[in-house]
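S.K.: This is the structure, below, for whatever I ask next.
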Amino acid sequence: MTGGRHLLSGGSERGAIYRRLGVEPIINARSTFTILGGSLMPAEVLDAMRLAADSFVDLVELQAAVSRRLAELTRNEAAFVSGGAAAGLFLAAAACIAADTADGTLRLDDLDGGRRRFVIHRAHRIPYERAIELAGGSLVEIGGTDGTQESDLRAALEPPTAAVIYVPKAHLASNVLPLDSVVRLAHGRGVAVIVDAAAQLPPVENLWRFTAAGADLAIFSGGKGLSGPASTGLIVGTARYVERLAANASPLQRYGRPMKVGKEDLVGLLAAVEWFLAQDHEALAMRYEAMVDHFIEWGRERDDVTVTRVGFGEAGQPTPRSHGCLDGATTGTRDDLLRALRATPPRIDLLADEANGFYAAPETLLPGEEEIISRRLAELLDRAAGRGGAVRTRRQ
Ligand SMILES: *Cc1c(COP(=O)(O)O)cnc(C)c1O
-13 MTGGRHLLSG GSERGAIYRR LGVEPIINAR STFTILGGSL MPAEVLDAMR
37 LAADSFVDLV ELQAAVSRRL AELTRNEAAF VSGGAAAGLF LAAAACIAAD
87 TADGTLRLDD LDGGRRRFVI HRAHRIPYER AIELAGGSLV EIGGTDGTQE
137 SDLRAALEPP TAAVIYVPKA HLASNVLPLD SVVRLAHGRG VAVIVDAAAQ
187 LPPVENLWRF TAAGADLAIF SGGKGLSGPA STGLIVGTAR YVERLAANAS
237 PLQRYGRPMK VGKEDLVGLL AAVEWFLAQD HEALAMRYEA MVDHFIEWGR
287 ERDDVTVTRV GFGEAGQPTP RSHGCLDGAT TGTRDDLLRA LRATPPRIDL
337 LADEANGFYA APETLLPGEE EIISRRLAEL LDRAAGRGGA VRTRRQ
């Protein structure tokens, strides 16, 4: 299509650089999913990264300085930048497994009989647990999908348990033990608590809330709510655990070395945290509500889709989104619609629900994209109905 042309020659409008590669960009109403690129970095982050790329620096010195500043900004004793939240889980697991060794360094050779057990509530299971297994950890599940009893946790905290992994998704598992109970029971047995809060921003207070509740480490994705580099994670916690974690991390040639973080990423994540803290979170919330309202209004005009507001995001964070129910349609019809939305420009990605509907999340939409989505949805629904499709069944 553009054979031989340089990546930067041609237009610089949004998406052009991808189109020159023959990859059509996507309007993301799914939320901050890594598979779609995470989030869009604001100019403040990109400027900082560009400036960071301008000179060499001692990475250990820079890491220490960025960590200190991140700890201050997030009101924590210590902080660290990992190569993504999943890498943060790996490092946290390594730090807990190696907690009893003299220098805190993970040695996979000495794992037998060591502290390798990681307790997790059934309702908290996540696909990223592999990062814990990669460090040599093994997972022990407690409780049911609907909740957990204190006795379940007590029984699971036998030695040699390394840590409890806690995934704070309040709305998804309301009967799981609260974090402060988990901390009390775990600490009583000398076991650490690691909070995987990768997608739990906003609210901004979560940057200090989990550690204030006693968690030893809390991990956030740099590429989700923080709008930083997608290849970064923010770890906050006690100096004791963060130091152990750093002892296993890049640039040291330890097990964490394959998940390295460069100077641009270090500075980029710090700029993202500064940017995030400086946002008018109320104004942002209002912008999200206005986008949700747009879809609700749009749905009122149609007889084939019912749009409602859902008060939380996909990961349970308090960001509203809209839910569209295709009245009378099957899951297959909904899947056809979502596939059609993705197929041709403007390519649009929506999250399917468990039945015949979909969600549209506002936090990854640029202003005006909600209109593009509703217009395109209307076109596709009308076309399906014109062909006698099953989507337009109500009040026909
Ligand atoms: C997204 C996510 C991760 C992984 O985050 P990355 O920064 O992409 O590595 C880990 N845990 C949970 C719960 C997540 O939602």
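For the sequence shown, the residue numbers in the numbering used here are -13 to 382.
C-beta: ideal position from N, C-alpha, C; glycine also.
The structure presented is a predicted model; accordingly, all values stated were derived computationally and were not measured.
#1: Check whether the Cβ atoms of residue 7 and residue 16 lie closer than 9 Å to each other.
#2: So, do the segment 206 to 216 and the segment 186 to 196 have three or more beta carbon pairs nearer to each other than 8 Å?
#3: Would you call residue 280 buried or exposed, if buried means 16 or more other Cβ atoms sit within 10 Å of its Cβ?
#4: I need the boundaries of the beta strand (DSSP E) containing residue 83, first residue and last residue.
#5: DSSP on residue 178, reduced to helix/strand/coil?
#6: Let me know if residue -4 comes out buried or exposed under the rule of 16 or more other beta-carbons within 10 Å of its beta-carbon.
#7: How should residue 263 be labelled, buried or exposed, when 16 other C-beta atoms within 10 angstroms of its C-beta is the threshold for buried?
#8: Roughly how many angstroms lie between the CA atoms of residue 218 and residue 275, to the nearest whole one?
#9: Quick check on residue 184 - is its C-beta less than 9 Å from some C-beta in chain D?
#10: Reducing DSSP to helix, strand and coil, say where residue 127 ends up.
#11: Look at the alpha carbon of residue 145 and the alpha carbon of residue 101, and state the distance between them as a whole number of angstroms.
#12: Check whether the segment 121 to 134 and the segment 159 to 175 are in contact - that is, three or more C-beta pairs closer than 8 Å.
#13: Can you tell me whether residue 27 is buried or exposed? The criterion is at least 16 other CB atoms within 10 Å of its CB, across all chains shown.
#14: Please report the straight-line C-alpha distance between residue 87 and residue 113, rounded to a whole angstrom.
#15: Helix, strand or coil for residue 60, going by three-state DSSP, please let me know.
#16: Would you mind reading off the limits of the alpha helix (DSSP H) that contains residue 281?
#17: Output yes or no for whether 9 Å exceeds the beta carbon distance between residue 80 and residue 231.
M.R.: According to the structure data:
#1: Not a contact, by the Cβ cut-off of 9 Å.
#2: In short, these stretches touch, since the Cβ pair count reaches three.
#3: Buried is the call here.
#4: According to the DSSP assignment, residue 83 belongs to no beta strand (DSSP E) but to the alpha helix (DSSP H) extending over 71 to 83.
#5: Strand, per DSSP.
#6: Exposed, because fewer than 16 other Cβ atoms sit within 10 Å of the Cβ of residue -4.
#7: Classification of residue 263: exposed, given that the 10 Å Cβ count is below 16.
#8: One C-alpha to the other measures close to 29 Å.
#9: No chain D appears in this structure, which consists of one protein chain only.
#10: Under the three-state reduction of DSSP, residue 127 is assigned to strand.
#11: Their backbone Cα atoms lie some 7 Å apart in a straight line.
#12: When C-beta atoms of the segment 121 to 134 are compared with those of the segment 159 to 175, three or more pairs fall below 8 Å, so the two segments count as touching.
#13: Classification for residue 27: buried.
#14: Straight-line spacing of the CA atoms in residue 87 and residue 113 works out to 29 Å.
#15: In this structure, residue 60 counts as coil in the three-state DSSP scheme.
#16: For residue 281, the uninterrupted alpha helix (DSSP H) segment begins and ends at 267 to 286.
#17: Yes, the pair counts as a contact, with Cβ atoms nearer than the cut-off.
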